[in-house]
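Novice: My questions all concern the structure below.
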Amino acid sequence: MKKNLTERGGSVKVAIMQPYFFPYIGYWQLINAVDVFVIYDDVQFIKGGWINRNYILLNGTKTRINLPLIKASSNKNISEIEISNERIRYKKLLKTIEQAYSKTPYFRAVYPLLEQVILYDEKNLAKYLRFLLEVISKFLDMETNFIYSSDIAQEQELKGQERVLNICNTLNASMYINAIGGKDLYSAKFFNDYNIKLNFLKSEEIPYNQMSNSFVPWLSIIDVLMNNSIYEVKKQIMRCLLV
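Residues in the sequence shown are numbered from 122 upward in steps of one, following this note's numbering.
Shown next, in the form of structure tokens:
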């Protein structure tokens, strides 16, 4: 997908984020905004977060879906966690998605994609989610490169923005883009001192027809894909601002 969030030729834009399970539209806006998307896999797993769960619309009701994990713990890094090998649970998840979206306009085009991802034979959580991100990015014609943070040589004792800066320097980044929710975590001056521009991506609520009485925002990308053409999804992905 052609990006409109570009700078001068030769610049390298980087984002760093934990991998999420079928994340919402803003996550894909961030992926599309950068040249390199670093999957933050060597940080602690967050229980109750978005790493292994999200929401879809089932019979007009916001409904949670989960990726089953084995002994998930916040004492482990994301890269150390395994997903369940009980295939019946994945088939049940697919059945729930089918029940929720079989009557949507793009079900036939999108459901095989979800089957490919959900039934992917991979035990490692980080690798499974990377596959998910890459498959859907390719479906949407995104050209972003993915890399694990654990594959980047860095000073492991660094934390917070110091570690982010270290990753950016290793990748020769000219710009670091973060979701707007992290605005209070980073200092523009801190990054500018190392000739890296700091920007934040701001998403907006984008209503679309969900075959429901009222619009429910910020659901999984599954809901977006089922109810919109690829062309419409691409337009939604471009509707964001850098601040």
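Note that CB positions come from ideal geometry on N, CA and C, so glycine has one too.
For clarity, every value in this text was computed on a predicted model and none was experimentally measured.
1. When you compare each of Glu276, Tyr148, Asn266 to Thr291 by their alpha carbons, which one comes out closest?
2. Can you tell me where the alpha helix (DSSP H) holding Tyr329 begins and where it ends?
3. Within this structure, are the beta carbons of Phe166 and Ala136 separated by less than 7 Å?
4. In the DSSP assignment, what are the bridge partners of Gln165?
5. Are the beta-carbon atoms belonging to Leu132 and Asp163 less than 7 Å from one another?
6. Looking at C-alpha atoms only, which residue of Asn348, Ala294, Glu283, Leu340 is the closest neighbour of Gly147?
7. Evaluate Ala309 with the Cβ neighbour count: other Cβ atoms within 10 Å of its Cβ, from every protein chain shown; 16 or more gives buried, anything less gives exposed.
8. Taking just the CA atoms, how far does Met296 sit from Ile317?
9. Which runs of the beta strand (DSSP E), 3 residues or longer, sit entirely within the stretch 211-299?
10. If you follow the alpha helix (DSSP H) that Tyr352 is in, where does it begin and where does it stop?
11. Could you tell me the boundaries of the alpha helix (DSSP H) in which Lys310 lies?
12. Assuming the contact rule is C-beta atoms closer than 8 Å, Cys289 and Gln150 should be a hit. Round their C-beta distance to whole Å, please.
13. For Asn175, is the classification buried or exposed, using 16 other Cβ atoms within 10 angstroms of its Cβ as the cut-off for buried?
14. Give every residue of the same chain whose Cβ lies closer than 6 Å to the Cβ of Pro338, excluding the five residues on either side of it in the sequence, and list them in chain order.
15. Does DSSP put Ile177 in a helix, a strand or coil?
16. Using a Cβ-Cβ cut-off of 8 Å (strictly less than) and excluding sequence neighbours within five positions of Val353, which residues of its own chain qualify?
17. Specify, as a first and last residue, the run of the alpha helix (DSSP H) that Ala154 falls within.
18. Any idea if Phe143 is buried or exposed, counting beta-carbon neighbours within 10 angstroms, 16 or more meaning buried?
19. Taking only the alpha-carbon atoms, compute the straight-line gap between Lys192 and Tyr232 and give it to the nearest angstrom.
20. Since Leu99 and Leu190 should fall inside the 8 Å C-beta cutoff, what is the C-beta to C-beta distance between them, to a whole number of angstroms?
21. Could you spell out where the alpha helix (DSSP H) holding Val345 opens and where it closes?
Specialist: The relevant details are as follows:
1. Glu276
2. Note, Tyr329: premise wrong, no alpha helix (DSSP H); not H, not E.
3. no
4. Asn198
5. The displayed chain sequence assigns Ser, not Leu, to residue 132. No; because the gap between Cβ atoms is not below 7 Å, this pair is not in contact.
6. Leu340
7. exposed
8. 5 Å
9. 266-269
10. 351-359
11. 309-313
12. The pair is not a contact, with the Cβ atoms about 20 Å apart (cut-off 8 Å).
13. buried
14. Glu326
15. strand
16. With the sequence shown as reference, residue 353 is identified as Glu, and Val is not the correct amino acid for it. Only Tyr329 meet the Cβ criterion.
17. 146-154
18. buried
19. 29 Å
20. Residue 99 is absent from the structure shown; the chain starts at 122 and stops at 364.
21. 342-348
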